[in-house]
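A.B. asks:
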């Protein structure tokens, strides 16, 4: 696998001129407009990109995938979306993983509730879509995504998962759910919070149920996932005899890997991405 990512940093004007729009999503979510000048676009040459779907309860779950052209029995990484859905940034992360030799698959986990890319107001997005998505539904959809990957060029014995923001919380939940995965990376996802009908438990409540090694990435200046919550999670993991690793980047805020947003911190993002890849490889993925 080649650790050098063939990619280009695009300005917003260049993005609009080139009409970047791949897979099931159409560009970036409206709620994050305007797109920052730090946006990275990963070259798709030598990759197979496409759309898939898998039957789940309530319909067909759409999938975006990227993999090395012609690859078979590839190690798999399931990519769990941000709160904004499988928009261009999540697709680009799939292409970056494909450049490392993986079959990367990102399922549209809100598809029953609507398209998050069409919302320009974050509070409306949260109330009308995000809060309506049950954790149990998400975990079941991820099970079907893993099965799809194993039937479409992936090696079912070498599967990892990574999630960002909203997906960072889901990553922890999935680590309690599917013991067949080799490793999971959680990026700045919520660790604590009040229970609700759709979100009955939080990651810190489930530490003793974890079945998969987890590596977490957090920003020291994150106003939502505070250092207090990260410290409590670390203490809970240690008390449970776990060896999971929580990496904290003191100068980074929330969403520090999101290169299309002002929150992007290149140093933290680059270091965390390298740590994630090494973590997956250490665990055989």
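Numbering (mature numbering (1 follows the signal peptide of the UniProt record, and there is no 0)), first residue to last: -31 to -1, 1 to 254. In this text, a Cβ means the ideal position worked out from N, Cα and C, and glycines have one as well.
Please report the distance separating the alpha-carbon of residue 118 from that of residue 225.
C.D. replies: For the purposes of this step, residue 118 is taken as the residue at position 149 of the chain shown. For the purposes of this step, residue 225 is taken as the residue at position 256 of the chain shown. Using only the alpha carbons, I get a separation of about 28 Å.
A.B. asks: Using the Cα positions of residue 15 and residue 38, report the straight-line distance between them to the nearest angstrom.
C.D. replies: On the chain shown, residue 15 is found 46 positions in, with the first residue counted as 1. On the chain shown, residue 38 is found 69 positions in, with the first residue counted as 1. Distance between the alpha carbons of residue 15 and residue 38: 6 Å.
A.B. asks: Based on Cα-Cα distance, which residue from 96, 131 and 168 lies nearest to residue 105?
C.D. replies: As a position in the chain shown, residue 105 is number 136, starting the count at 1. Per the Cα distances, 168.
A.B. asks: List the residues that DSSP assigns as beta-bridge partners of residue 17.
C.D. replies: For this step, residue 17 is matched to residue 48 along the chain shown. BP columns for residue 17 point to 36.
A.B. asks: Please determine, among 84, 188, 181 and 145, the residue with the shortest C-alpha to C-alpha distance to residue 174.
C.D. replies: Counting from 1 along the chain shown, the entry for residue 174 is found at position 205. Closest option to residue 174, Cα to Cα, is 145.
A.B. asks: Measuring alpha carbon to alpha carbon, tell me which residue in 33, 241 and 245 is nearest residue 114.
C.D. replies: Looking up residue 114 in the chain shown gives position 145. The shortest C-alpha separation from residue 114 is found at 33.
A.B. asks: Determine the closest residue to residue 133 out of 187, 70, 3 and 45, with distance taken between C-alpha atoms.
C.D. replies: The sequence position of residue 133 within the chain shown is 164, counting from 1. When only C-alpha atoms are compared, the closest one is 187.
A.B. asks: At the level of alpha carbons, what is the spacing between residue 126 and residue 89?
C.D. replies: The count along the chain shown starts at 1 and reaches residue 126 at position 157. The count along the chain shown starts at 1 and reaches residue 89 at position 120. Their Cα atoms are separated by approximately 40 Å.
A.B. asks: Which ranges would you report for the alpha helix (DSSP H) in the segment 46 to 87 if only whole runs of at least 4 residues count?
C.D. replies: Complete alpha helix (DSSP H) runs here, min 4: 57 to 68.
A.B. asks: Please state whether DSSP places residue -7 in a helix, a strand or coil.
C.D. replies: Looking up residue -7 in the chain shown gives position 25. With a pLDDT of 39 at residue -7, under the threshold of 50, the modelled position of this residue cannot be trusted, and the question is left open.
A.B. asks: Could you please give the first and the last residue of the uninterrupted beta strand (DSSP E) stretch that includes residue 183?
C.D. replies: Start at 1 with the first residue of the chain shown, and residue 183 comes out as number 214. Here the beta strand (DSSP E) through residue 183 covers 183 to 188.
A.B. asks: Does DSSP put residue 43 in a helix, a strand or coil?
C.D. replies: Indexing the chain shown from 1 puts residue 43 at position 74. Looking at residue 43 - three-state DSSP - the assignment turns out to be strand.
A.B. asks: Taking all protein chains shown into account, do 16 or more other C-beta atoms lie within 10 angstroms of the C-beta of residue 285, making it buried, or fewer, making it exposed?
C.D. replies: Here the chain covers residues -31 to 254 and nothing more, so residue 285 does not appear.
A.B. asks: Using a Cβ-Cβ cutoff of less than 7 Å, which residues in the same chain neighbour residue 253 once the five nearest sequence positions on both sides are dropped?
C.D. replies: Reading the chain shown from its first residue, position 284 is the one you call residue 253. Taken in chain order, the residues that qualify are 127 and 151.
A.B. asks: Could you tell me the distance, in whole angstroms, from the CA atom of residue 235 to the CA atom of residue 220?
C.D. replies: The residue labelled residue 235 in the question sits at position 266 within the chain shown. The residue labelled residue 220 in the question sits at position 251 within the chain shown. If you take the alpha carbons of residue 235 and residue 220, they lie about 11 Å apart.
A.B. asks: What are the residues that DSSP puts in a beta bridge with residue 23?
C.D. replies: Along the chain shown, one-based indexing puts residue 23 at 54. 30, per the DSSP bridge assignment.
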